[in-house]
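Chemist: If you read the sequences in order, they're chains H, E and F.
The opening position of the first sequence corresponds to residue 19 in our numbering, with each subsequent residue numbered one higher.
The opening position of the second sequence corresponds to residue 19 in our numbering, with each subsequent residue numbered one higher.
The opening position of the third sequence corresponds to residue 19 in our numbering, with each subsequent residue numbered one higher.
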Amino acid sequence: MEPRKKLSIICFSGDFDKLVAAFTLASGSAAVNYEVNIFFTFWGLNAIKKKKGRVFTGKGFLARFFGFLMGGIDNVPLSRLNFCNISPKLMNYMMRKRNVASLKELIDASIAVGVKLYTCEMSMQILGLTINDFIPEVNKEVLGVAKFMEISQGGDRIFI
Amino acid sequence: MEPRKKLSIICFSGDFDKLVAAFTLASGSAAVNYEVNIFFTFWGLNAIKKKKGRVFTGKGFLARFFGFLMGGIDNVPLSRLNFCNISPKLMNYMMRKRNVASLKELIDASIAVGVKLYTCEMSMQILGLTINDFIPEVNKEVLGVAKFMEISQGGDRIFI
Amino acid sequence: MEPRKKLSIICFSGDFDKLVAAFTLASGSAAVNYEVNIFFTFWGLNAIKKKKGRVFTGKGFLARFFGFLMGGIDNVPLSRLNFCNISPKLMNYMMRKRNVASLKELIDASIAVGVKLYTCEMSMQILGLTINDFIPEVNKEVLGVAKFMEISQGGDRIFI
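#1: Would you identify the three-state DSSP class for Thr42(H), choosing helix, strand or coil?
#2: Specify, as a first and last residue, the run of the alpha helix (DSSP H) that Phe166(E) falls within.
#3: Which residue or residues does DSSP assign as beta-bridge partners of Glu53(E)?
#4: Any beta carbon from chain H within less than 8 Å of Leu43(F)'s own beta carbon?
#5: List the endpoints of the continuous beta strand (DSSP E) containing Ile149(E).
#6: How would you write the range of the beta strand (DSSP E) that Ile176(H) sits in, first residue to last?
#7: Could you give the distance in angstroms between the alpha-carbon of Leu222(H) and the alpha-carbon of Met142(F)?
#8: Which residue marks the beginning of the beta strand (DSSP E) containing Tyr134(E), and which one marks its end?
#9: When you compare the CB positions of Phe180(E) and Ile178(H), do they come within less than 8 Å of one another, or not?
#10: Anyone know if the C-beta pair for Asp151(F) and Lys67(F) falls short of 8 Å?
#11: Measuring straight from C-alpha to C-alpha, what distance separates Gly172(F) and Phe166(E)?
#12: Hey, how far is the Cα of Leu43(F) from the Cα of Ser26(F)?
#13: Of the residues that make up the stretch 135–158 of chain E, which ones have a beta carbon closer than 8 Å to any beta carbon in chain H?
#14: When the Cα atoms are used, what is the spatial distance from Phe74(E) to Ile144(H)?
#15: Can you name the residues of chain F whose CB is closer than 8 Å to the CB of Arg116(E)?
#16: Strictly under 8 Å for the Cβ-Cβ distance: is Ser47(E) near chain F by that measure?
#17: Compute the Euclidean distance between the alpha carbons of Pro21(H) and Lys69(E), then round it to the nearest angstrom.
#18: Whose Cβ in chain F lies nearer than 7 Å to the Cβ of Phe177(E)?
#19: For Glu139(F), which residues in the same chain have their Cβ closer than 8 Å to its Cβ, ignoring the five residues on either side in sequence?
#20: Mind checking Thr59(E): buried by the 16 CB within 10 Å criterion, or exposed?
#21: Any Cβ of chain F within less than 8 Å of the Cβ of Asp39(E)?
#22: On the CB-based measure, 16 or more other CB atoms within 10 Å of its CB, does Lys206(H) come out buried or exposed?
#23: Can the beta-carbon of Leu147(H) be found less than 8 Å from the beta-carbon of Phe41(H)?
#24: What does the alpha-carbon distance come out to for the pair Ile149(H) and Lys158(H)?
#25: Within the same chain, show all residues whose beta-carbon is closer than 7 Å to that of Ser47(F), passing over the 5 residues directly before and after it, in chain order.
#26: Relative to the alpha-carbon of Ile153(F), which residue among Met112(F), Val131(F), Ala65(F) has its alpha-carbon at the smallest distance?
#27: For Gly62(F), is the classification buried or exposed, using 16 other Cβ atoms within 10 angstroms of its Cβ as the cut-off for buried?
#28: In this structure, does DSSP put Cys29(F) in helix, strand or coil?
#29: Let's see if you can read the secondary structure: which residues bound the alpha helix (DSSP H) around Ala130(E)?
#30: Beta-carbon of Met112(E) versus every beta-carbon of chain F: anything under 8 Å?
#31: For Lys158(F), which three-state DSSP category applies?
#32: Taking the alpha-carbon positions, what's the Val133(H) to Asn117(E) distance?
#33: Check the Cβ of Phe60(F) against every Cβ in chain E and list those closer than 7 Å, keeping chain order.
#34: Determine the burial state of Tyr245(F): buried for a count of at least 16 other Cβ atoms within 10 Å of its Cβ, exposed for fewer.
#35: When the Cα atoms are used, what is the spatial distance from Ala164(F) to Ser128(E)?
#36: How many Å lie between Ser170(E) and Val156(F) at the Cα?
Structure representation (structure tokens):
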């Protein structure tokens, strides 16, 4: 029997539109029976952070400063333009109007169809984050590059 | 006989420099006998839109607002900096001066060497676009994720 | 015997955070015995330029203007925000504080573990650069798309 097809996404970006693309690709691929892993790193970690007020999680002033830059899932910027945060809201509105799932729904759908979510050890070290700063669906095993390469071996790897 | 090698590019970006990279990779790979598919999504759709005045295609105010953000092929920004649109013009000028193909020529060359162009169903829904908003060389079959994964199966997938 | 696993990174971006991601992925993969190639193109060429004052290498005014936009390794911007160049410095500081290797160290480590560095012929033509503008560890063979596709064949290709 052929092994199950595999897709692994390195989700580096924290931009609203790229996160929509990442989770659409992830959930759509899992729906056609791919094994899908998302490895969140740097700004991408925002997508799976617990909502906690203004999402200033992480220890220390610098971590908070980066936390501020990073924003959190309810406050992710659009990669192209961001007039006072209007564009992501507008895009969410248009997605709603056109009956396309919102980012929050895409994340929930991805989890529901079995997409596995992993966090990047080094990014968490830099940003002073722990596994408890993320939503509970995130895999407890924090990955380094070697482990990610092992998990994603035999499938495609995409950097978003 | 070995099956033909395959490369599929998810072209998400609408930035001038990234489009140059995408079409250079696409045409160059097709020239050495790769089967090449480009799947245009979000801002990437700009690259293959019909020229139509200021490219305000799509229905409704919001679609037009996004159309404005998106710009169209003659008005794509450079990813790094964009002083009043000087940089893409400058880059086109330098490409011309150094005898490198311009973006328009790279797109034409890609089509000439058999690169297949596909559009993303969901992005078109969000942006209120139809297949008629694109140049005629674009494949009439609009793809969802499942179909894209099927078409690109057995080859490399790259997100730009 | 199974052939050695291979990873090829098209390093298009010159953003500090993306370069950190690229070299972390490269060095980490080489450390677990992957053959790793990085193909530097456009802004990515910055990462491997020789330090030379303000890095205005390349011939002619336009090349110098792009050289200014491009900046050079000591002056690469952060992809998200860049307050007077504070963010890359801050990130370097946090990396140092948390005992994570700095970008310079990541590049050195990548070279030490055998990551091969290649430059893109077309980008160099556009920008008026020659192989002598780069650090000596860069492979003397400048690659076009066809040659890059040949070298990276049989492994994964990632665009950063």
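Ideal Cβ positions, reconstructed from N, Cα and C, are used throughout, including at glycine.
The structure displayed is predicted, hence computed values, not measured ones.
Modeler: Reading from the atomic positions:
#1: helix
#2: 163–170
#3: Lys24(E)
#4: yes
#5: Note, Ile149(E): premise wrong, no beta strand (DSSP E); not H, not E.
#6: 174–177
#7: Since the first and last residues shown for chain H are 19 and 178, residue 222(H) lies out of range.
#8: Looking at the sequence provided, one finds Lys at residue 134(E) rather than Tyr. Per DSSP, Lys134(E) belongs to the beta strand (DSSP E) from 134–137.
#9: This structure cannot speak to residue 180(E), because chain E is shown only from 19 to 178.
#10: yes
#11: 21 Å
#12: 10 Å
#13: Met140, Gln143, Ile144, Leu145, Gly146
#14: Only weak support exists for where Phe74(E) lies, its pLDDT of 46 falling under 50; the value from the coordinates is given anyway. Each residue's alpha carbon lies about 43 Å from the other.
#15: Gln143, Ile144, Gly146
#16: yes
#17: 45 Å
#18: Phe177
#19: Val160, Leu161, Gly162
#20: buried
#21: Position check: residue 39(E) holds Ala in this sequence, whereas Asp was assumed. Yes, because at least one Cβ of chain F sits closer than 8 Å to the Cβ of Ala39(E).
#22: In this structure chain H extends from 19 to 178, so residue 206(H) is not present and cannot be described.
#23: no
#24: 7 Å
#25: Leu25, Val54
#26: Ala65(F)
#27: buried
#28: strand
#29: 121–130
#30: yes
#31: coil
#32: 46 Å
#33: Asp35, Ala39
#34: Residue 245(F) lies beyond the stretch modelled for chain F, which goes from 19 to 178, so this question has no answer here.
#35: 14 Å
#36: 33 Å
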